[in-house]
Amino acid sequence: MGRSQSLPRGGDPRFGPGADDAGCPILHVDMDAFYASVEVRHRPELRGRAVVVGGVGPRGVVSSASYEARRYGVRSAMPTMRARALCPHAVFLPPDFARYSAASRAVMQIFRDVTPLVEPLSLDEAFLDVAGARRLFGRPAEIARRIRERVATEQGLTCSVGVAPSKFVAKLGSTRAKPDGLLVVPADRVLDFLHPLPVGALWGVGERSEQALLRLGLRTIGDLAQASPGMLRTALGGAAAAHLHELSWGRDPRRVSPEQAEKSIGAEVTFDVDVDDPAEIRRTLLALAEKVGARLRAGGQVGRTVSLKVRTADFRTVSRARTLDVPTDVAREMFDTSWALYTALNPGERIRLLGVRAEGLTAADQTPQQLALGQPERGWREAEVAADAAAARFGRSVIGPASLLSGREPRRNENPTRP
Numbered sequence: 553m554g555r556s557q558s559l560p561r562g563g564d565p566r567f568g569p570g571a572d573d574a575g576c577p578i579l580h581v582d583m584d585a586f587y588a589s590v591e592v593r594h595r596p597e598l599r600g601r602a603v604v605v606g607g608v609g610p611r612g613v614v615s616s617a618s619y620e621a622r623r624y625g626v627r628s629a630m631p632t633m634r635a636r637a638l639c640p641h642a643v644f645l646p647p648d649f650a651r652y653s654a655a656s657r658a659v660m661q662i663f664r665d666v667t668p669l670v671e672p673l674s675l676d677e678a679f680l681d682v683a684g685a686r687r688l689f690g691r692p693a694e695i696a697r698r699i700r701e702r703v704a705t706e707q708g709l710t711c712s713v714g715v716a717p718s719k720f721v722a723k724l725g726s727t728r729a730k731p732d733g734l735l736v737v738p739a740d741r742v743l744d745f746l747h748p749l750p751v752g753a754l755w756g757v758g759e760r761s762e763q764a765l766l767r768l769g770l771r772t773i774g775d776l777a778q779a780s781p782g783m784l785r786t787a788l789g790g791a792a793a794a795h796l797h798e799l800s801w802g803r804d805p806r807r808v809s810p811e812q813a814e815k816s817i818g819a820e821v822t823f824d825v826d827v828d829d830p831a832e833i834r835r836t837l838l839a840l841a842e843k844v845g846a847r848l849r850a851g852g853q854v855g856r857t858v859s860l861k862v863r864t865a866d867f868r869t870v871s872r873a874r875t876l877d878v879p880t881d882v883a884r885e886m887f888d889t890s891w892a893l894y895t896a897l898n899p900g901e902r903i904r905l906l907g908v909r910a911e912g913l914t915a916a917d918q919t920p921q922q923l924a925l926g927q928p929e930r931g932w933r934e935a936e937v938a939a940d941a942a943a944a945r946f947g948r949s950v951i952g953p954a955s956l957l958s959g960r961e962p963r964r965n966e967n968p969t970r971p
């Protein structure tokens, strides 16, 4: 889909868990309010309260909102200030991507226990092709039920599942099933399901294209399906018109592509107020490097290239990168590299946004480790792994980064995370 659509939740028995799922090998599993739900699992005292995860400053954006917050109109991608106005009593939390990555890996493993044909779209959703799993686990709707049960029992989280003949229809099904639901779109009922839905529900219809279609009087997917190809080409262009026309008739030949490794992992921050203080910039780069390092270690990956993104107050964006001799998942090394890139860049203007990214990722257990001349056998990485363990237990906010700014390597028996 292009933009997030508010589709009515399924209640039609034609599309319930007992509907005919023959010819419906595709599942789309979408975790419910994933970031917020993981935070509630970590802090059970928040259960039942409105929880909003995202940037907490004036320029922040909502990443996830619990359903208690959504009742007040809070939505993902909404400015945090707007969310605070709509739901002032909500609990606002900054994102903890290491925690979400760990939860995602556990959920994806449940999917892989059913079928090797798993295609993650993000941390919180994936397509599954279960055609080859029927003999072992039963029909697709039963597989979907088992997956939802395992996710709830083993992970304490809920998910919604769409079961359909194609990826596009399965994704629409999971959206309509939310929250914590299951919807089956039988192969012979695809058009009955699709055509009443708003045209904005089509995959690839953004705000501008939706407005163009509405101006033509095309309000539902059924309207678009019956429109003349010439009208659609005039409004949208040839390629987009052909793509949407095919989808409007439920035709989506794409196969589920098994998981591909992430090509990069990054973190960035937009300052509440533009900054030019070198100390604050330095602290921010360290915090970003720590986030990237934690996500790399959580995913068992290392990066060969460190890139820096800088956006100045006039919205000019500059990126610089440096390839390391040895791939790393150590925040200290990424911080040193990003700070060197920043000082070499010398933007000379107030900074609006900073970002740090690790690229050229490989599996850590398949990458030889090499000690630099004079480097102790145990040092920054061991300290950061210990910090990961403490953060998993107590929260990352209790782990202070000050010692990493000291500019020297820890002694063999020294804890470099201690100020």
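Our numbering applies: residue 553 is where the sequence shown begins, and numbers increase by one. We put the CB at the ideal spot given by N, CA and C, even for glycine. Keep in mind it's a predicted model, so treat the numbers as computed, not measured.
Closest by C-alpha distance to residue i, when choosing among the options
| i | options | result |
| --- | --- | --- |
| residue 704 | 593, 874, 774 | 593 |
| residue 793 | 878, 897, 778, 727 | 778 |
| residue 756 | 800, 726, 607 | 800 |
| residue 682 | 910, 906, 577 | 577 |
| residue 898 | 887, 870, 585 | 870 |
| residue 868 | 903, 917, 638 | 903 |
| residue 615 | 585, 797, 595 | 585 |
| residue 907 | 896, 741, 873, 783 | 873 |
| residue 856 | 738, 910, 568 | 910 |
| residue 662 | 695, 786, 587 | 695 |
| residue 821 | 677, 646, 596, 567 | 646 |
| residue 848 | 831, 759, 819 | 819 |
Burial state of residue i, where buried means 16 or more other Cβ atoms lie within 10 Å
| i | result |
| --- | --- |
| residue 802 | buried |
| residue 493 | Residue 493 lies beyond the residue range present for the chain, which begins at 553 and ends at 971; the question has no answer from this structure. |
| residue 841 | buried |
| residue 565 | exposed |
| residue 866 | exposed |
| residue 723 | buried |
| residue 526 | Outside the shown range of the chain (553 to 971) lies residue 526, about which nothing can therefore be said. |
| residue 762 | buried |
| residue 878 | exposed |
| residue 733 | buried |
| residue 851 | buried |
| residue 765 | buried |
| residue 693 | buried |
| residue 717 | buried |
| residue 885 | buried |
| residue 788 | buried |
| residue 671 | buried |
| residue 815 | exposed |
DSSP-derived helix/strand/coil call for residue i
| i | result |
| --- | --- |
| residue 667 | coil |
| residue 879 | strand |
| residue 867 | coil |
| residue 572 | coil |
| residue 772 | strand |
| residue 805 | coil |
| residue 615 | strand |
| residue 926 | Caution is warranted here: a pLDDT of 42 is assigned to residue 926, below 50, making its placement in the model unreliable, and the coordinate value is therefore given only provisionally. Reduced to three states, the DSSP call for residue 926 is coil. |
| residue 726 | helix |
| residue 653 | helix |
| residue 781 | helix |
| residue 623 | coil |
| residue 589 | helix |
| residue 900 | coil |
| residue 673 | strand |
| residue 608 | coil |
| residue 873 | strand |
Residue range of the unbroken alpha helix (DSSP H) whose run includes residue i
| i | result |
| --- | --- |
| residue 580 | That residue, residue 580, is in no alpha helix (DSSP H); its beta strand (DSSP E) goes 578-583. |
| residue 597 | Looking at the DSSP string, residue 597 is not in any alpha helix (DSSP H), and its letter there is neither H nor E. |
| residue 681 | Residue 681 -> not in any alpha helix (DSSP H); beta strand (DSSP E) instead, spanning 677-681. |
| residue 500 | The structure shown does not extend to residue 500, since the chain is modelled only from 553 to 971, so the question has no answer here. |
| residue 696 | 692-707 |
| residue 643 | Per DSSP, residue 643 belongs to no alpha helix (DSSP H); it is in the beta strand (DSSP E), 643-645. |
| residue 992 | Since the first residue of the chain shown is 553 and the last is 971, residue 992 is not available in this structure. |
| residue 761 | 759-767 |
| residue 796 | 790-800 |
| residue 688 | 686-689 |
| residue 633 | 632-638 |
Range covered by the beta strand (DSSP E) that runs through residue i
| i | result |
| --- | --- |
| residue 887 | Looking at the DSSP string, residue 887 is not in any beta strand (DSSP E); the run it does join, the alpha helix (DSSP H), is 883-897. |
| residue 714 | 711-716 |
| residue 977 | Residue 977 lies beyond the stretch modelled for the chain, which goes from 553 to 971, so this question has no answer here. |
| residue 736 | 734-736 |
Residue i - partner residues in DSSP beta bridges
| i | result |
| --- | --- |
| residue 907 | 820, 861 |
| residue 855 | 880, 913 |
| residue 750 | 772 |
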